[in-house]
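Asker: With the sequence shown counted from 1, adding 36 to any position gets you my numbering. Glycine is no exception: its CB is placed at the ideal position from the N, C-alpha and C atoms. Supplied in structure tokens, the structure appears directly below.
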Amino acid sequence: MTNDPLKAAWQQAKLPAHSDLSALLRTRGGHPVMSRIRRQLILESGCYVLFLLAYYDFFDGHTRPLYLNIILVLSVACMLVQHINGYLLAAGRLKAPDILQSLQLKVRQLQQYAWLSVGSRVLGWGGILLFFCSGINWTTPKYWLLAGITIAIVIQMVLLWQLWQRRINRINDTLLALKE
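Listed below in structure tokens is the structure:
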């Protein structure tokens, strides 16, 4: 018998069987966070595909030059591929032999993904704006509208960058705590 109640509680605690965790990961939906990411990916992919199927008729893609159609399709594809890349990054297993090295590797991967995520969205939205802004007879109100849209996109990109930095900083904080 020990005088330390924490040590006694630890020794008496029943640890969950590893099979419970394995069963959770083998279930149809997998981990709940991955299910939400997958659901978001499917929803956004479906919206992108519907947009690409409809833009040619709805937004007069047939009257625009071929290079603008190609830019629009590549812009949307760029954002879609980046979403898939993010899902694969989140689903990837830790490969290093210990938790410290695994977290360091994950931080590097997340930093690269953050740059690519923001960059692909900037390129994607730039291509979409280029497609929709071509052939417009520009007036002062239209310039103001374009300025407002540009400001909204810039604000979104800044917020996205800050979100990624908070996530990376949280992992870095965990790394520092583990090193001490």
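Taking C-beta to C-beta, are LEU116 and TYR84 nearer than 8 Å?
Answerer: Taking 8 Å as the Cβ cut-off, LEU116 and TYR84 qualify as a contacting pair.
Asker: Count Cβ pairs between the region 89 to 106 and the region 158 to 178 that sit closer than 8 Å; are there 3 or more?
Answerer: Because the criterion of three Cβ pairs below 8 Å is met, the region 89 to 106 and the region 158 to 178 touch.
Asker: Quick check on the DSSP output: the alpha helix (DSSP H) that includes ILE106 runs from which residue to which?
Answerer: Note, ILE106: alpha helix (DSSP H), 102 to 127.
Asker: When the Cα of LYS142 is compared with those of GLY171, GLY122, LEU159, which residue comes out closest?
Answerer: Out of GLY171, GLY122, LEU159, GLY122 has the C-alpha closest to the C-alpha of LYS142.
Asker: DSSP three-state label for LEU181, please.
Answerer: Helix.
Asker: Taking all protein chains shown into account, do 16 or more other C-beta atoms lie within 10 angstroms of the C-beta of GLY163, making it buried, or fewer, making it exposed?
Answerer: Result: buried.
Asker: Use the C-beta contact count for LEU136: other C-beta atoms within 10 angstroms, 16 or more gives buried, fewer gives exposed.
Answerer: That one is exposed.
Asker: On the CB-based measure, 16 or more other CB atoms within 10 Å of its CB, does VAL112 come out buried or exposed?
Answerer: So VAL112 ends up on the buried side.
Asker: So, with DSSP's three-state summary, where would you put THR175?
Answerer: Coil at THR175, not helix or strand.
Asker: In terms of alpha-carbon separation, which member of ALA127, THR210, PRO133 lies closest to ARG72?
Answerer: The shortest C-alpha separation from ARG72 is found at ALA127.
Asker: Ignore the nearest five residues each way along the sequence and tell me which others in VAL194's own chain have a CB closer than 6 Å to its CB.
Answerer: Contacts found: none.
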